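See structure below.
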Amino acid sequence: MSKFIDRPRYLCTLGGAVATLKALPRVIPIIHAAAGCGGNIANALHGAAGYLGSGYCAGLALPSSNIYEKDIVFGGEERLAEQIATTLEVVNGDLYFVVTGCMVDIIGDDAVAVANRFHQEGKPVFGAETGGFKGNSYKGYDIVLSKLFTDFVEKDPVKDKTVVNLFGLVPIQDVFWKGNLQILKNLLGKIGYQVNTFFGEGETLDHLKYAGAASLNILVSDVYGIEPAQIFEKIHGVPYVVAPLPIGSAGTERFLRTVGEVLGTKQILLEQVIAEEKARYYSYIERLADVYNDLDFQRYSVVVADANYAPALARFLADDLGWLPELVVITDILTEEEQLLLTARFQDFTSGLQPKVVFDTDTTNVSKHFNASWPRNNNDRYFDHFSPAFVLGSSLDRDFATAIGAPHLSVSYPVSNRVVLDRGYVGYQGALRLVEDIFGRLVGSR
Amino acid sequence: MDYIKDKAPPVREDRLRACNAYGGSCNNLVEQSKKGCLNGIKRSFSQTQGCQLNLSLAILNTIRDSVVIVHGPVGCGGASLSVAGINKNFQQLRDHNARGLLWVNTNMGESEVINGGEDNLREAILYAEKEFRPSAIIIVNSCVPAIIGDDIDSVVERVQSEIQAKIVPVHCEGFKTKIMASAYDAVYHGILRNLLPTLDADIVAKVDKKNQLEELQEKYRISRTVNVLNVSSMSRVDEYELVRLLEALDLKLNILPCYAHPEDFLKATEAALNVSICATHDDYFVEHLKTKYNIPFILRTIPIGVKYTNRWILDIGKFFGVEEAAECFIAQETKLLEKALAPYRELFKGKRVVIGGGEIRVIANAELLTYLGFEVVGMRAYHYDQFADEMLEEVAESDKVPFNVATGQPFEQANLIVNLKPDLYVGHVGGNGWAGKQGIPVLPIFHQSNIFLGYTGVFEFVRRLARVLRNPSFNRNLGENTKLPYFVNWYEKDAFSYIDEGNV
Numbered sequence: 001m002s003k004f005i006d007r008p009r010y011l012c013t014l015g016g017a018v019a020t021l022k023a024l025p026r027v028i029p030i031i032h033a034a035a036g037c038g039g040n041i042a043n044a045l046h047g048a049a050g051y052l053g054s055g056y057c058a059g060l061a062l063p064s065s066n067i068y069e070k071d072i073v074f075g076g077e078e079r080l081a082e083q084i085a086t087t088l089e090v091v092n093g094d095l096y097f098v099v100t101g102c103m104v105d106i107i108g109d110d111a112v113a114v115a116n117r118f119h120q121e122g123k124p125v126f127g128a129e130t131g132g133f134k135g136n137s138y139k140g141y142d143i144v145l146s147k148l149f150t151d152f153v154e155k156d157p158v159k160d161k162t163v164v165n166l167f168g169l170v171p172i173q174d175v176f177w178k179g180n181l182q183i184l185k186n187l188l189g190k191i192g193y194q195v196n197t198f199f200g201e202g203e204t205l206d207h208l209k210y211a212g213a214a215s216l217n218i219l220v221s222d223v224y225g226i227e228p229a230q231i232f233e234k235i236h237g238v239p240y241v242v243a244p245l246p247i248g249s250a251g252t253e254r255f256l257r258t259v260g261e262v263l264g265t266k267q268i269l270l271e272q273v274i275a276e277e278k279a280r281y282y283s284y285i286e287r288l289a290d291v292y293n294d295l296d297f298q299r300y301s302v303v304v305a306d307a308n309y310a311p312a313l314a315r316f317l318a319d320d321l322g323w324l325p326e327l328v329v330i331t332d333i334l335t336e337e338e339q340l341l342l343t344a345r346f347q348d349f350t351s352g353l354q355p356k357v358v359f360d361t362d363t364t365n366v367s368k369h370f371n372a373s374w375p376r377n378n379n380d381r382y383f384d385h386f387s388p389a390f391v392l393g394s395s396l397d398r399d400f401a402t403a404i405g406a407p408h409l410s411v412s413y414p415v416s417n418r419v420v421l422d423r424g425y426v427g428y429q430g431a432l433r434l435v436e437d438i439f440g441r442l443v444g445s446r
Numbered sequence: 001m002d003y004i005k006d007k008a009p010p011v012r013e014d015r016l017r018a019c020n021a022y023g024g025s026c027n028n029l030v031e032q033s034k035k036g037c038l039n040g041i042k043r044s045f046s047q048t049q050g051c052q053l054n055l056s057l058a059i060l061n062t063i064r065d066s067v068v069i070v071h072g073p074v075g076c077g078g079a080s081l082s083v084a085g086i087n088k089n090f091q092q093l094r095d096h097n098a099r100g101l102l103w104v105n106t107n108m109g110e111s112e113v114i115n116g117g118e119d120n121l122r123e124a125i126l127y128a129e130k131e132f133r134p135s136a137i138i139i140v141n142s143c144v145p146a147i148i149g150d151d152i153d154s155v156v157e158r159v160q161s162e163i164q165a166k167i168v169p170v171h172c173e174g175f176k177t178k179i180m181a182s183a184y185d186a187v188y189h190g191i192l193r194n195l196l197p198t199l200d201a202d203i204v205a206k207v208d209k210k211n212q213l214e215e216l217q218e219k220y221r222i223s224r225t226v227n228v229l230n231v232s233s234m235s236r237v238d239e240y241e242l243v244r245l246l247e248a249l250d251l252k253l254n255i256l257p258c259y260a261h262p263e264d265f266l267k268a269t270e271a272a273l274n275v276s277i278c279a280t281h282d283d284y285f286v287e288h289l290k291t292k293y294n295i296p297f298i299l300r301t302i303p304i305g306v307k308y309t310n311r312w313i314l315d316i317g318k319f320f321g322v323e324e325a326a327e328c329f330i331a332q333e334t335k336l337l338e339k340a341l342a343p344y345r346e347l348f349k350g351k352r353v354v355i356g357g358g359e360i361r362v363i364a365n366a367e368l369l370t371y372l373g374f375e376v377v378g379m380r381a382y383h384y385d386q387f388a389d390e391m392l393e394e395v396a397e398s399d400k401v402p403f404n405v406a407t408g409q410p411f412e413q414a415n416l417i418v419n420l421k422p423d424l425y426v427g428h429v430g431g432n433g434w435a436g437k438q439g440i441p442v443l444p445i446f447h448q449s450n451i452f453l454g455y456t457g458v459f460e461f462v463r464r465l466a467r468v469l470r471n472p473s474f475n476r477n478l479g480e481n482t483k484l485p486y487f488v489n490w491y492e493k494d495a496f497s498y499i500d501e502g503n504v
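Quick look at the structure:
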């Protein structure tokens, strides 16, 4: 049995599926669900995601069968077939993907079979069951990718040693996905690899279609995209490696070494790229030498984020910025096994710091965990305050930051108080943006 | 009207024979509406829209000192994530200490679909009470618990005695209706059953405690008090304008239901009159207040534009027997306004405009834009029902101007814009980006940050229109550099090609 959630920071399976499809180039989602599912998702994928906008054919333009009571009683397959046919007439896309809501899954509509009928007629129509009760957004991402890897990616027995795929970074749920993918792509390009990210700048569906020729799948997540990666390996014979999302010098160097080792990248090249990137990174970080040391810009910090961002941000704060991330709250729904995997990611910081890591989906509980980990002032004359402090979280954590008197930056979904375009926070380059944004808050009143 | 004994209200397809698919002339629409033949029109191609749960949340999320429990899978109500931040600011415009939007999702998964989700709901209610101590806990019921047979009313009945907060179950399951506006009835139904004084005895008991003078004073106060029913898509400044207009007639206002405190509804019966600014928003509530508490109401029009604002004030003035004072006030206000508008008229003259939004508001807005010198070349409304008949009949050239009934459906709008070639699009907030991508200037209306109602609203609207027209470069650039997702030949077809009247 699942438990209620106080302000969940994700949508349902259908929401994640629509987000994934929305982020793919010229892909048209067709929703087979009650009318409001798409409308609700459209708002959440815009106003809570850095004002992403409706995209090419999402928002209120999402084709949807809008089934209601009568269809629930008599079945909605006929209506879906009509909707697919008319969508093919009206909407100009390269791939059409039917995703389902709770109601049609519960009444047993076979939406995938209806989609397959069109596929057999030579139409680029796919389908998957994504009823919201199956799980949250991440589940939707995994289902859509698995389906595409199974049915859309072409089999290619010949592997290209210079081509890799990268995923596990969930579009829109990671509000900075587009910038992040671009950074990682460029970075891996520097050590000699072409990268398919499927959702990245300038990529087309062909990058996905011919992804079977890659020699490795790089997963930047301990928990997301794992199932699709396993399916990919089984069908296309491409192995995968988990190299967690890297932010900053410490994290990115580890990332490059992990990937380089698996790919057998020439050591000289690897060292050269790391040295160059680090040199550029520190040529900018160096500017902060004065302000950091004159104004004492070390901070206590709390990180409230998803499973991908939380370890990456904490490591960046501790090992790059020399901050004190005392508490990390990971807000995703995770199995015990996944929690163990993630906990291990906080054990080997070069700074020697070990933040307290808690797994909790409930927004109100963030402040409870904070109170449990830092003593309260009982009117003592001398008291070791949690100050100066900084909170990295989502826009839902602004109230908590205000309550402890700390500035706050929204990084993890939902992000409703910032506009995000091509900004990314990963790698060396993204860390510079993050430094600008964090320290920008600290000098904001000057 | 009395549906209050039922757990849930009837949907609008049944109660009002409302429709959300039509394309054709205004006069034909009125004719069909009066014959009751609009029901059952559907689309063979459709795009997504809001459901009654989404729209219910638009209202319920504003209620102060409350916790909303969304009973359903984890994504239901997810759009609240996009308004949680700003909601607190809007609540604090009414109460500086307001906590903003708090909600809990019961997170129904596969196991709940099989075994039922009543336990999750019960635990969520107890959590909301313990954690937040709110005045009200509002439960919005989604599709899944409805189809698997969760009896939320029984859960509420059992748990209510254990907690302080008033529990308000709202039956707004999305799949029950295509008419998003059914949400208004669902929300008011929950409020009427749970937040209004339940017994006449309550009221009598209160009066009994007073001496004769106090009783008279109380009676007088009530005789001069009007409940003004607001909507979630208007602003605090809109409310100030309505207060100004009615205070001029020496009336006091209770503003409900949006951004109200749950306890404010206890006073809803202490008014001489209920005034709506939008009939299709409020008829369910005011009809029930009439039946249950014998409070009369005025539903006829909306204070948008000079003509309808005049009518709105005059109707209320007539009710209180201060027609003359109302006329005097109107004359003075319109004179001042006319003078302020004069410099703008040349700028607007002959400009073609398409309008989108709620049925009543679109028609009032068309009247206003015509009055300002624009040529209204097309109208789009989320849905259509009998409440708009009177106003739509008054539209000039009603046989020529196309009227499109569509909840969203931006593909029909895109087609209309290409073919009608408007110079401007004026649309309800949410979805205006599509018109922007077609390169034309857009003026968004019905937002919680702008004033649009009353005389002040007219002037602010005009000011904003002039501003938007002054430099439309942003959208022009968008038009040149972005593409809508439809095939070119879609624009060659009739905009209403996918509206299927076969089932009528």
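So the sequence lines, in the order shown, correspond to chains A and B.
In terms of our numbering, the first sequence has 100 at position 100, counting the first letter as 1, and numbering is strictly consecutive.
In terms of our numbering, the second sequence has 431 at position 431, counting the first letter as 1, and numbering is strictly consecutive.
All C-beta atoms in this analysis are idealised placements derived from N, C-alpha and C, irrespective of residue type, glycine included.
None of these values were measured; they are calculated from a predicted model.
Item	Value
Beta-carbon spacing of Val-448/A, Phe-118/A below 8 angstroms	Residue 448/A cannot be examined here, being either before or after the span of chain A that is shown, 1 to 446.
Close Cβ partners of Arg-464/B (< 7 angstroms) along its chain, the five nearest in sequence each way excluded	Leu-443
Integer-rounded CB distance, given that Leu-14/A should sit under 8 angstroms from Gly-75/B	6 angstroms
The region 422-435 of chain B contacting the region 310-322 of chain B, beta-carbon criterion three pairs below 8 angstroms	no
Short-range partners of chain E found in the region 73-95 of chain A, where Cβ spacing is below 8 angstroms	Any reference to chain E falls outside this structure, whose protein chains are A and B.
Contacts of Ala-34/A in chain B (Cβ-Cβ under 7 angstroms)	Cys-51, Cys-143, Gly-174, Phe-175
Distance, Val-18/A Cα to Leu-421/A Cα	20 angstroms
Beta bridge counterpart(s) of Arg-380/B as assigned by DSSP	Gly-356/B, Asn-404/B
Where Gly-15/A meets chain B, residues with beta-carbon distance less than 7 angstroms	Gly-75, Gly-78
Cβ neighbour criterion (16 or more within 10 Å) applied to Cys-37/A	buried
Alpha-carbon to alpha-carbon, Val-376/B and Ser-449/B	25 angstroms
Alpha-carbon spacing of Gly-260/A relative to Gln-267/A, whole angstroms	8 angstroms
Trp-103/B: first and last residue of the uninterrupted beta strand (DSSP E) it sits in	103-105
The region 170-179 of chain B in contact with the region 85-96 of chain B per 3-pair CB rule at 8 angstroms	no
Which of helix, strand or coil DSSP assigns to His-46/A	helix
Closest by C-alpha distance to Arg-122/B, when choosing among Ile-148/B, Asn-97/B, Ser-161/B	Ser-161/B
Buried versus exposed call for Pro-151/B [16 or more other C-beta atoms within 10 Å across all chains shown]	Per the sequence shown, the amino acid found at residue 151/B is Asp instead of Pro. Flag for Asp-151/B reads exposed.
Contacts that Arg-7/A makes with chain B (C-beta to C-beta distance below 7 angstroms)	Trp-103
Nonlocal neighbours in the same chain, by C-beta distance under 7 angstroms from Arg-7/A, ignoring five residues either side	Thr-363, Leu-396
Cross-chain neighbours of Gly-433/B in chain A, by beta carbon under 8 angstroms	Gly-53, Ser-54, Gly-59
Listed by chain order, chain B residues near Leu-62/A by CB distance under 9 angstroms	Gln-47, Thr-48
Neighbour-count burial assignment, Asp-320/A, 16 or more Cβ in a 10 Å radius	buried
Beta-carbon proximity of Leu-67/B to Trp-103/B, cut-off 8 angstroms	In the sequence as presented, Leu is not what sits at residue 67/B; that position holds Val. It is a contact, given that the beta carbons lie within the stated cut-off.
Phe-74/A, buried or exposed, once every other Cβ within 10 Å from all chains shown has been counted against 16	exposed
Closer than 8 angstroms to chain A by CB, Ser-44/B	yes
C-beta neighbour in chain B for Asn-377/A, strict 8 angstroms	no
Given Tyr-138/A as reference, the closest of Lys-155/A, Leu-409/A, Glu-227/A once Cα atoms are compared	Glu-227/A
Top-ranked residue by Cα proximity to Asp-2/B, from Ile-355/B, Glu-367/B, Lys-290/B, Glu-338/B	Lys-290/B
Contact the region 245-254 of chain A vs the region 431-445 of chain A: 3+ CB pairs below 8 angstroms	yes
Inter-stretch contact (C-beta, 8 angstroms, three-pair minimum) for the region 343-352 of chain B and the region 459-474 of chain B	yes
Among Asn-27/B, Ile-316/B, Arg-193/B, the one whose alpha carbon lies nearest that of Glu-247/B	Ile-316/B
Whole-angstrom C-beta distance between Ser-54/A and Ala-61/A, which should lie under 8 angstroms	6 angstroms
Lys-219/B (DSSP reduced to helix, strand or coil)	helix
Proximal residues, the region 139-171 of chain A versus chain B, C-beta separation under 8 angstroms	none
Unbroken alpha helix (DSSP H) run spanning Asn-87/B, endpoints	80-92
Cutoff 8 angstroms: Phe-126/A Cβ touching any chain B Cβ	no
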